[in-house]
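When the letters of the sequence shown are read in order and numbered with mature numbering (1 follows the signal peptide of the UniProt record, and there is no 0), they come out as residues -19 to -1, 1 to 235.
I have placed the structure first, in the form of structure tokens, so that the comments after it can refer back to it.
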Amino acid sequence: MRGEVLAALLGLFVALVAGAEDAGLRDFNFTQFSGLWYEIALASDLEPQPPGQPKKVGAVVVQREGPHLTLTSVSDRVNGCVKEKTQATKGDAPGKFKFPEDPGNRDATVVATDYRTYAIMNITFQRGGAARSVLKLYSRNMEHNEKAMAHFLLEASERGLPTASVQRLLKDCECPGLGVSAPRLSSRSPFSLVHSDLRGLAEVSVCPSLGPRPLHQAVLSYLDQESGVRGRAEPRSIHRLCWAGSSSGHSSWA
């Protein structure tokens, strides 16, 4: 009986916290929300994927660029870590963003955040003629916050997302941009110092096992054919992210 009472009180506490934070989104503060976030967990209603390598922690830098919002993300894909830069516009509700260049009519809504430690975002889109949803948990660092995780699991349950779809992403320094060995480049492969859109990521990211990496050690290699002239604004472009630099401070290509 005592256990049931404690469980009920815990559920009430989590619900009250969730309600207070969701109500706070009516006054969503983009300035406080902007900056670096690590993606540490997700849940979805997509088709189950066959077992494979655990997905690694990713990262996203949220910035304002003129009338647009820019999300520069680094995520774990089948062929390695990939950088994706996407432009969004404000939606019809506080904390809601639309991606007009996305053919799947993708929307992202911040459903809960305290700005300082965690954020929960719900991403909806169309696939195969059906509406799909992916719920993501973000953190200001790569550590798992159990209170935030409890809130995330509650949000996933309320949206009917299967428990089996919940993934805690593997804490790793690779996809956030640290500790990645750069592949050998051909003589035709263009490269340059890190873009300003990743300045925040390069300056504040710290890998516990390697220590902070100075900005000048970060090098981007643009391997796709659509990058075009350096400096040209693309509404949506995907680049493989390659970081070079040894712990001794001397950058080199592997």
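For each residue, glycine too, the CB sits at the ideal point set by N, CA and C.
Values in this document were obtained by computation on a predicted structure and should not be read as measured data.
request  = Tell me, please, which residues DSSP counts as bridged to residue 93.
outcome  = 101
key: CA nearest to the CA of residue 22, picked from 69, 11, 70 and 35   = 35
task = Return the Cβ separation of residue 153 and residue 38 in integer angstroms, given the expectation that the two are a contact with Cβ distance under 8 Å.
result = 6 Å
ask   = Between residue 122 and the rest of its own chain, which residues show a CB-CB distance below 7 Å, the 5 nearest in sequence each way excluded?
value = 19
inquiry  = Rounded to whole angstroms, what is the Cα-Cα separation between residue 97 and residue 108?
reply    = 33 Å
request  = Report the residue from 124, 110 and 90 whose alpha carbon sits nearest the alpha carbon of residue 136.
outcome  = 90
request  = Closer than 6 Å by C-beta to residue 48: which residues in its own chain qualify, once you throw out the five before and the five after it? Chain order, please.
outcome  = none
query = Where does residue 139 fall in DSSP's three states?
reply = helix
inquiry  = Check for me: the beta strand (DSSP E) holding residue 53 runs from which residue to which?
reply    = 49 to 58
query = Roughly how many angstroms separate the alpha carbons of residue 128 and residue 144, rounded to a whole number?
reply = 18 Å
query = What is the DSSP secondary structure of residue 127, counted as helix, strand or coil?
reply = helix
inquiry  = Does residue 93 pass the burial test, meaning 16 or more other C-beta atoms within 10 Å, or should it be called exposed?
reply    = buried
message = By DSSP's criteria, residue 7 is part of a beta bridge. Which residues make up the other side?
response = Paired residues: none, contrary to the question.
message = Using a Cβ-Cβ cutoff of less than 6 Å, which residues in the same chain neighbour residue 75 once the five nearest sequence positions on both sides are dropped?
response = 6, 7 and 9
query = Roughly how far, in whole angstroms, is the beta-carbon of residue 240 from the beta-carbon of residue 70, given that I think they are within contact range, below 8 Å?
reply = With the chain covering -19 to 235 only, the question about residue 240 has no answer from this structure.
inquiry  = Taking DSSP's pairing of strands, which residues face residue 46 in a bridge?
reply    = 49
query = Mapping DSSP to helix, strand and coil, what is residue 146?
reply = helix
ask   = Per DSSP, what kind of secondary structure is residue 80 in: helix, strand or coil?
value = coil
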